[in-house]
Amino acid sequence: MSANEEDHIKWVGLVESKVRLLVGQLENKPYIELAHVNPNHYPPLSPDKDCCISRWFIGLSFEKAGSIVYWYNCTS
11 MSANEEDHIK WVGLVESKVR LLVGQLENKP YIELAHVNPN HYPPLSPDKD CCISRWFIGL
71 SFEKAGSIVY WYNCTS
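Each residue of the sequence shown is one higher than the one before, starting from 11 at the first, in this note's numbering.
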């Protein structure tokens, strides 16, 4: 979340860079078949005129090891 549009543009660049690094590292893990970042960023669900917010989505496909399915919740 940024207080103004100029700060938000800088923040978006930093976050996009870090997300791409994260996806690159995830792709090298043996239990992840595919890691994909959606290159678009999305505005907030309920816009607030006092701040700027963007959201990104990362898709992950995990390998199955026998009957075990790996699950990682990035939101907790």
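Note that the Cβ used here is the ideal one computed from N, Cα and C, for glycine as well.
Item to check | C-alpha distance - Leu55 paired with Trp66, whole-angstrom precision | outcome: By one-based count along the sequence shown, residue 55 stands at place 45. By one-based count along the sequence shown, residue 66 stands at place 56. Leu55 and Trp66: Cα-Cα distance of roughly 13 Å.
Next on the checklist: Am I right that Glu94 and Phe72 are in contact with their C-beta atoms under 8 Å? What's the rounded C-beta distance?
Outcome noted: There is simply no residue 94 to check, as the chain begins at 11 and stops at 86 in what is shown.
Next on the checklist: If contacts are defined as beta-carbon pairs under 8 Å, then Ile63 and Val29 qualify, I think. What distance do you get, rounded to the angstrom?
Outcome noted: Here the question's residue 63 lines up with position 53 in the sequence shown. Here the question's residue 29 lines up with position 19 in the sequence shown. Going by Cβ atoms, the distance from Ile63 to Val29 rounds to 15 Å, so no, they are not a contact pair.
Item to check | Integer Cβ distance of Ala45 from Leu24, believed to fall under 8 Å | outcome: In the sequence shown, the residue the question calls residue 45 occupies position 35. In the sequence shown, the residue the question calls residue 24 occupies position 14. Contact doesn't hold; Cβ gap of about 20 Å is too wide.
Item to check | Per DSSP, the bridge partner or partners of Arg30 | outcome: Working through the sequence shown from its first residue, we reach residue 30 at position 20. Arg30 is not bridged to any residue.
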